[in-house]
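Same order as they appear, the protein sequences are chains A and B. Mapping of the first sequence onto the numbering used here: position 78 corresponds to residue 78, and the numbering continues sequentially without gaps. Mapping of the second sequence onto the numbering used here: position 340 corresponds to residue 340, and the numbering continues sequentially without gaps.
There are 2 protein chains.
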Amino acid sequence: MLNNTFALKGTFCYSKDPQNLIVRENAYLICKNGISEGIYDELPACFQGIPVIDHENKLIIPGLTDLHLHAPQYTFRGTGMDLELLDWLDTSAFPEEARYADLDYAQKAYQIFTEDLKRSPTTRACIFATLHPEATLLLMEQLENTGLKTMVGKVNMDRNAPSYLKEQDAVASATATRQWISDAADRHFENTFPILTPRFVPSCSDELLGFLSEIQQEFHLPVQSHLSENPGEIRWVKELCPDSLFYGDAYDRFNLFGKDQCPTIMAHCVYSTEEEIALIKKQGVYIAHCPQSNTNLSSGIAPAARYLREGLHIGLGTDISGGFSLSMLRAIADAIQVSKLRWRLIDPSLKALTLPEAFYMATIGGGSFFGKTGSFEKGYELDAVVLDDSSLPSPRPLPPLTRLERLIYLSDDRNIIQKFVCGNPIFSNTEDR
Amino acid sequence: MLNNTFALKGTFCYSKDPQNLIVRENAYLICKNGISEGIYDELPACFQGIPVIDHENKLIIPGLTDLHLHAPQYTFRGTGMDLELLDWLDTSAFPEEARYADLDYAQKAYQIFTEDLKRSPTTRACIFATLHPEATLLLMEQLENTGLKTMVGKVNMDRNAPSYLKEQDAVASATATRQWISDAADRHFENTFPILTPRFVPSCSDELLGFLSEIQQEFHLPVQSHLSENPGEIRWVKELCPDSLFYGDAYDRFNLFGKDQCPTIMAHCVYSTEEEIALIKKQGVYIAHCPQSNTNLSSGIAPAARYLREGLHIGLGTDISGGFSLSMLRAIADAIQVSKLRWRLIDPSLKALTLPEAFYMATIGGGSFFGKTGSFEKGYELDAVVLDDSSLPSPRPLPPLTRLERLIYLSDDRNIIQKFVCGNPIFSNTEDR
């Protein structure tokens, strides 16, 4: 399919910028070698005769990018939700992640995750695995086969973790990471790539962060981690790193905090100080805003609207399984919802996120971490999700943006009937389910 | 079926009290004339030979009561969500409700609502219609046929509403209400009953509230309305009723605020003052806590955990379509989620709702407005929802309460495979869908 030219027909909704959602009704989106050639009301003469996939009456949106989630935690999403972050890690996350030392378990558990991700509205994702290199490679293989574009991290953690889920020391962690990078390279994956993944500052000694910095510079890998999520966590980081000026500084002093040479995603940023925000902006760090997780783990509400409006890089994450829902459409709704509560309860000067703003974050906002993705404008890699809202009956016809809003609030996997990544069909709902 | 005795077999979860969820694995619930005879590990000798509906491996919970929703607003749920309460009423709710003057439209739109309610986990509901008596009767007929137990209100509104959705004056509103009550009585409904429904204080003149008080005392009808939802609304009520001590007092001075003779539901109570809370408690007013709506309309977060722990009557409402989801299982999750944010952002002295507490509110909490419903203990009317979680695969077996928690966070209509109200089967998922 990659070298093919074809057209998608339907009603397209995509972001021009954070304030404006574009609608093109009953139009043609041309795909050439996986790249958008733009949207046309009629098929241009030079494209007459190309195959047309007709999704008339359906809405078609750019693929959504999930900037932050933990694949091994998918098994227990929606359980143990009465706990706060640090207790939840000890009670739910760590014991479950330890199971992935067993490759049979990992195979079975990751298969459930990858199948559901394939059917979700997500086309790209940045994913935490566990500290186990073999299970991480297994996850990467499964993801490779979905056709989705993903970055996957073998997690590093050499301190402040239970003995059953901790690497022996910084050297062992770094060695395993190098081996994992080498093994991943040997597989010649086309869709899935390694991303360095120090779990978070409390789990990583300075020595380990130093090694990871060397590895980052050697292999030019991107980085993902957690930042300023929960008050208890932040106090802990302050104790652990008395010399750091703020939480993010503890990554930055090891050159693991953005800049051109080190594309970085930091999840949460609920309590980032002004200094931290300034450094995030200056060094182009991506913020993964995870509203559902921040709610479930009683963390708080990040000022996502401020970040977006001040021009920081920000996308959305489901944070499985601090968040229980894998749907990035729901993440859009969640982001809007919590921003309203933040406006009402904390800061009336920061207006709630609008639908176009939250949609932008889920498409171009996070998508740009992968390059030119998240839009249908000419030159973008063509990721698309075809949405069928016929299961949401209405006694009167609704305009496209109203239909899109309803799908954002009310859709489930049944509404997602086809998905494309770089022009390749990932699945069709008429097929194999 | 009503005069039958039968058993349901499965794994039962129900509340003993707000702190304790009972689990009975692979047990038998006996139903006799629509009433629970209790749960047994083995079928007792005296019941040998009765029909057994075998839902082995399924979870069975009491039917859920939706204490507050607007049926005519179901058509636009999940749309227009970027507005606050009073603007949203003017822009979304009022124009749509006006359409129900047209009985063809009402028939079509209400059919969508009643079909979905039938398939939802709700077995009982207190519902606002519109001000139109004919359309309200039509809704009642449709609901009657579902077999669900419902209370339905023709809405009263004689001021501060657009001319296209306002009754001529208090006399006209009262006259229409009496006629509607009489017409409803003539239909001899067995499942659906009228409930007096002054929209809210801003929509009802003192004269109208006076007439409704007379009607209430004459027909001994219950009452439902809105209370202390949004700061803008509360300021407005203060202007409209300068003599009222607080918002609730504006209902109470017309004897439309609880006490034995006047069972009353007040939706929201986000900003109730200490005086108002004291009167709610003293007069046994039911609070319909609507977490999703209070979020969507940027209203705030009600101190639901306080109300419950202080022994006030409190249940949950979806508040369609301030809330967009009809699922009372989602309402349970929403209630827990916002209570966590309230704890973190407003009041660390009020611990978040636990799963057992929120489950209690959705079952016995709201159900008790209908009498002895919401539990499987002997003597309760037997409303039950059968949940199939096989669409949520797990790589390892999960205990029943963990399965229940997952269903609360992750289920949709596909997980609801059968439902009973007073022992009558409402639908079976193997059937007609």
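Glycine included, each C-beta is placed from N, C-alpha and C at the ideal position.
A straight-line Cα-Cα distance of about 12 Å links leucine 345 (chain A) and proline 231 (chain B). At a cut-off of 8 Å between beta-carbon atoms, glutamine 19 (chain B) makes no contact with chain A. Contact with chain B is found for proline 393 (chain A), since one of that chain's Cβ atoms lies less than 8 Å from the residue's Cβ. The beta-bridge partner set that DSSP reports for aspartate 17 (chain B) consists of B:Asn20. Inclusion of proline 356 (chain A) and alanine 331 (chain A) in the CB contact set at 8 Å is not warranted, their separation being larger than that value. Counting only the Cα atoms, arginine 403 (chain B) lies some 14 Å from glutamate 56 (chain B). Judged by DSSP secondary structure, serine 225 (chain A) falls within the beta strand (DSSP E) whose first and last residues are 223–227. Of all C-beta pairs linking the stretch 365–383 of chain A to the stretch 317–327 of chain B, fewer than three are shorter than 8 Å, placing the two stretches out of contact. For the stretch 376–409 of chain A, the set of positions with a beta-carbon nearer than 7 Å to some beta-carbon of chain B reads Pro393, Ser394, Pro395, Thr402, Glu405, Arg406, Tyr409 in chain order. Contact with chain A is found for alanine 352 (chain B), since one of that chain's Cβ atoms lies less than 8 Å from the residue's Cβ. Listed by position along chain B, the residues whose Cβ is nearer than 9 Å to that of tryptophan 343 (chain A) are Ser298. By the 16-neighbour rule on beta-carbons within 10 angstroms, cysteine 422 (chain A) is buried. No Cβ of chain A is located within less than 8 Å of the beta carbon of methionine 361 (chain B). Residue environment analysis places alanine 45 (chain B) among the exposed positions, since fewer than 16 neighbouring C-beta atoms fall within 10 angstroms of its C-beta. Sixteen is the threshold: when 16 or more other Cβ atoms of the shown chains lie within 10 Å of the Cβ of aspartate 158 (chain B), as they do, the residue is buried.
In terms of CA proximity to isoleucine 61 (chain A), A:Lys9 leads the group A:Lys9, A:Arg253, A:Asn160, A:Glu207.
Excluding sequence positions up to five before and after glycine 210 (chain B), its CB lies within less than 7 Å of the CB of Phe254, all in the same chain and listed in chain order. Residues of chain A with a Cβ closer than 8 Å to the Cβ of isoleucine 346 (chain B) are, in chain order, Leu345. Nearest to threonine 114 (chain B) by C-alpha distance, out of B:Ile195, B:Thr150, B:Asp104, is B:Thr150. Among the residues facing chain B, glutamine 73 (chain A) is not included, as its CB has no counterpart in that chain under 8 Å away. Across the set B:Arg199, B:Arg187, B:Asn191, B:Gly147, the C-alpha of B:Arg199 shows the shortest separation from the C-alpha of glutamate 167 (chain B). By the criterion of at least three beta-carbon pairs nearer than 8 Å, the stretch 407–420 of chain A is in contact with the stretch 381–391 of chain A. The way I'd put it, the stretch 269–286 of chain A does touch the stretch 240–259 of chain A; three or more beta-carbon pairs between them come closer than 8 Å. Here the alpha carbons of threonine 75 (chain B) and proline 18 (chain A) stand approximately 28 Å from one another.
Taken in chain order, the members of the stretch 75–95 of chain B whose beta-carbon sits within less than 9 Å of a beta-carbon on chain A are Thr75, Phe76, Arg77, Gly78, Thr79, Gly80, Met81, Asp82, Glu84. For the stretch 92–124 of chain A, the set of positions with a beta-carbon nearer than 7 Å to some beta-carbon of chain B reads Tyr105, Lys108, Ala109, Ile112 in chain order.
DSSP places aspartate 169 (chain B) outside any alpha helix (DSSP H), giving it a letter other than H or E.
For the pair serine 228 (chain A) and cysteine 269 (chain A), the CB atoms are nearer than the 8 Å cut-off. Within chain B, the C-beta atoms nearer than 7 Å to that of leucine 355 (chain A) come from Asp82, in chain order.
Annotation: the stretch 87–168 of chain B contains the following complete segments of the beta strand (DSSP E) (minimum length 3 residues), in chain order: 122–128, 149–153. Aspartate 54 (chain A) carries a strand assignment under DSSP once its states are collapsed to helix, strand and coil. Residue ranges of uninterrupted alpha helix (DSSP H) with 4 or more members, entirely inside the stretch 294–344 of chain A and ordered along the chain, are 304–309. The stretch 192–207 of chain B makes contact with the stretch 161–181 of chain B; the number of CB pairs closer than 8 Å reaches 3 or more.
Threonine 295 (chain B) reaches chain A at Gln337, Lys340, Leu341, counting residues in chain order whose Cβ is nearer than 7 Å. Look at the beta carbons and you see the stretch 72–92 of chain B touching the stretch 104–114 of chain B: at least three pairs across the two are nearer than 8 Å. By a beta-carbon distance limit of 8 Å, leucine 29 (chain B) does not contact phenylalanine 47 (chain B). Their separation comes to about 11 Å.
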